[in-house]
Each structure stands twice: as structure tokens, then as C-alpha cells.
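Here's the structure, in C-alpha cells; my notes come after.
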Amino acid sequence: MHNSIAPSPAATRQHASLPALRVAVSPRDVTDELYANDVLAARFLARIERDDLRHVASRTFPRRRTAFGDLGVLGEVELTWTVGDAEDALILVDGVLPALLISSRGTCEVVVAAPDAAAARDTAAGLERALRDEPPPDDRVPLRFWARGDSGGELQRRAVDAPGWDDVAPNYPPAVRDQVAGLVAATAPAGGSLLLWHGPPGTGKTHALQALTRAWRPWCTAHYVTDPEALLQGTAYLMDVATRRLGDEQRPWRLIVLEDAGELMAADARSEVGQGLSRLLNLTDGLLGQGLRCILLVTTNEPLGRLHPAIRRPGRCWAEVAFPAFGPADAAAWLALRGVEHDAGRGPVSLAELFAIADGRTLGRDTAAGPRVGFAQALRA
């Protein structure tokens, strides 16, 4: 649950107070992802104590819209509180059962208290059905964006456009196409849980990543780390990304993406980063990762020889995919498919440069890298 102003010790008392009131709370039912506004939380707890409600159930799920709209159709409205991009509400369902509704950052949580466990669970489930957004269409993938907060990881949800692999496969040289196609078809890791994608800027790593998350959507949730260096510096942050229970997750695996993180994986990385890298790699095949179903995907523009050899260790690295520029023959074939007659030259040509040629744009220094289209742009969309 969330605090509309900022998470604070006072706000966290909501969960700390429930056991003191001898309310039966299952750790699987109540998460600590969001914090309720202090005033609403206090009124909710007062209702629990006054009416001797001993069972609480919670449901967390994605919700693109922050505002709840007409809450009167769900119950009797006691109080609503809106600050910035967050809205909280306290309602009485059927005029009797208190329900705390919290909406912020693409996530909604409902917490219901009742005299028996079944009533609490059923009421929470009914509120979820009423408030949950329709699932994103097939061409949009729900992503979870992580950043380091004061005491671990902070999360935002956003659905982003993602192409189907068949639609973008022709944009890659045959060797890359075959390797990525094998990964897209997978339904579980094989021979390790680390994926390493490397190649110069402008070779299409991000678009391939978007297609991969779309293909894996039925069995794997996608988690994008916006600050990879911070992830390596704090164990609490790392474990939040790897283990925090999110109410909308009903898939067995997590894909954790570190985009453009090659400098942090270099053999000469400074000592504190190197220690964090060891923890990160232990998440894939060490004791730290035992029982966790996490796949780590690292993309980098760095030459492969600069990366720490531990990253490529057999049994750890599921697949290493090189994204090279197009050679002259492949570049000519790519342009011919689009009806473009153009001599791309004798040297390697990036995918971004090929698109520029096809669009009739002048090639320049920035063209090779292309526009920045990383997943992090979705946060600013």
C-alpha cells in the first residue's frame, strides 16, 4: 500500500498494527509494496478494532488509471484522498465491511477486513474485478520498471509497445535471427539463466528484447532495472527486484533486464561494483538464487573481450548473442526487400544506418547508433 505523500514510519504502522489487534493476516495476502495515506489507514484500523474484524485480505493488480471514478457503485464512501498521481479511498462494502483502496504508479491494491476469512477474500476479489483494467493487447507488454529507493527497490508499472518477432526478424543478419528465434520459442531456461547480448549501437538489441518479452509473456514477467549500477551496490535492492511478491504475478519466471550495462560487467570494474556483480551472478546459479526463478538479461555495446570472464562461464550463460552490423551482401539484400537500390559501401552497416538509407536520410555520426529506443523511454512516454 502507498503513502500519497511519501512512505514514512507513520505510514508503515498500518501493517505493523494489524497483528497487535489480533487480526488474522496471511503474509501471502498483504504486501508492502504500497503505503496507505496515514489518515485513511488510521480510520481503517479503527473500524477493525471497533467492529472486532479479525480477518484481512489484500489484492494487488495493475491499473493504468489512478482515479477511481464513481466509488458509490462499490460501496458507501467514507473518505477519499488525492495527492499528485496517487488516490486513496476508504469505503464500506454493503455498508458493513471496510475496504481500503490504494492507487498509484500503475498499481492498485485493495485491503478488506471482515469477520471471517471467506468474506474478506471474496470481497477483495470482487473489488479487484470491478477496478482491474482490461489486459493490455497482444502488441503491448506489461513491464515493471525498478529504481533504488530509500530502503530497497521502488516500482512503476507501464505497458509498452512490443513487436512480434516474426515482424522484426528480417531486420537481423541470418545468424542473429536464428539465435534469437530459438530464445523466442523457449518456455523455460536451458543450460543456465544468464543471457548476454552484445554488439555496437544501432544493431537492434532493444527491439529484439521487446519482441522477446512479448513472446515470453505467458510464462515470464519482465522487470527493467533503470539504474543497474545502483542494483549492484545494494543487496536489499537486488533482493526486492528478485523476490518481492507482486499481486498481479501469476507466472513462474522473472526476466530481469540490465540494458547497456557492459561497463559494470568489465573485468576492470572497481571493487564495490565487482562485489555487486558477484551477488548478481550468484542470483543466476549460486545459493542466493536457489528457489528463485530469475533470468538475467544483460545488453552491452562493449567489446566481448572487456567483459569479466565469470559472466561467460559454462553452466551460467544460457545464450550469448552477438548483434553485428550488416555485411555488404546482407545490407544489399535488406535494402532490396524494401525496393531500395543503394550501394551501402564495403564496410559494415548498422540497422539504424539501413533505415536511414531506406528513408532517404543523410548518414551522419549519430545515424549509426540511431535514436535511443531503450525500454526506459517508456517511463517518459
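Residue 585 in this note's numbering sits at position 313 of the sequence shown, and the numbers go up by one each step.
Glycine included, every Cβ here is placed at the ideal spot set by N, Cα and C.
Proximity winner among the options, relative to residue i (alpha-carbon distances)
i    : options                : result
L623 : W525, G398, G577, A480 : A480
A601 : A460, P435, Y444       : Y444
V621 : P461, G471, D438       : G471
L415 : R486, A591, T507       : R486
L484 : A630, L343, Q562, G436 : G436
Y496 : P490, I528, L503, G474 : I528
V311 : E350, W525, D410, W606 : E350
R565 : P581, A605, R516       : R516
G378 : A358, D366, A392, P387 : A358
I374 : A313, W491, R420       : A313
A391 : V365, A603, L503       : V365
A605 : E592, A591, A630, F595 : A630
E625 : L504, F598, E400, I363 : F598
E400 : V383, T459, D438, C492 : V383
A460 : W525, L518, G425       : W525
P473 : D615, G611, P596       : P596
V368 : R322, R578, V612, T498 : R322
G619 : A603, D512, L504       : A603
P446 : F627, V593, L343       : V593
A371 : V413, V328, D499, T493 : V328
F417 : R610, A514, K477       : A514
D411 : L579, D422, A591, V440 : V440
G425 : A502, G398, L362       : A502
F627 : E613, D615, L607       : L607
R420 : T507, A386, A389       : T507
A458 : L553, P581, I567       : I567
S550 : G563, Q562, Q505, G577 : Q505
Y509 : D422, T352, V612       : D422
P490 : R523, A538, T395       : R523
G356 : G577, C380, L569, A339 : A339
A385 : F316, L552, E348, A361 : F316
L455 : K477, W488, R393       : W488
T352 : V345, L362, D615       : L362
G398 : N309, C589, S330, T354 : S330
Residue i - containing beta strand (DSSP E), residue span
i    : result
A371 : 369-376
V365 : 358-365
T354 : 348-355
R526 : 525-530
Sheet register partners of residue i (DSSP bridge)
i    : result
F333 : C380
L468 : V570, E592
R584 : The partner list for R584 (beta bridge, DSSP) is empty, contrary to what the question assumes.
A431 : P414
G421 : G424
V621 : F598
A538 : L579
Extent of the continuous alpha helix (DSSP H) to which residue i belongs
i    : result
T395 : 389-403
L511 : This sequence places Met at residue 511; Leu is not what is there. Run containing M511: 507-515, per the alpha helix (DSSP H) assignment.
P575 : Segment: none, P575 is in no alpha helix (DSSP H) and carries neither H nor E.
L317 : 310-323
V440 : 437-440
Any C-beta of chain D under 8 angstroms from that of residue i
i    : result
S423 : Note that chain D does not occur in the displayed structure, where there is just one protein chain.
Determine, using beta-carbon pairs with one atom in the stretch 523-539 and one in the stretch 567-579, whether at least three such pairs fall under 8 angstroms.
yes
Does the stretch 403-423 come close enough to the stretch 320-337 that 3 or more CB-CB pairs lie under 8 angstroms?
yes
Could you tell me which whole beta strand (DSSP E) segments of length 3 or greater appear in the stretch 453-501?
466-470, 492-497
Three-pair Cβ contact test at 8 angstroms for the stretch 555-566 versus the stretch 461-476
yes
Can at least three beta-carbon pairs, one atom from the stretch 523-532 and one from the stretch 445-455, be found at a separation below 8 angstroms?
no
Does the stretch 421-441 come close enough to the stretch 573-593 to have 3 or more Cβ pairs within less than 8 angstroms?
no
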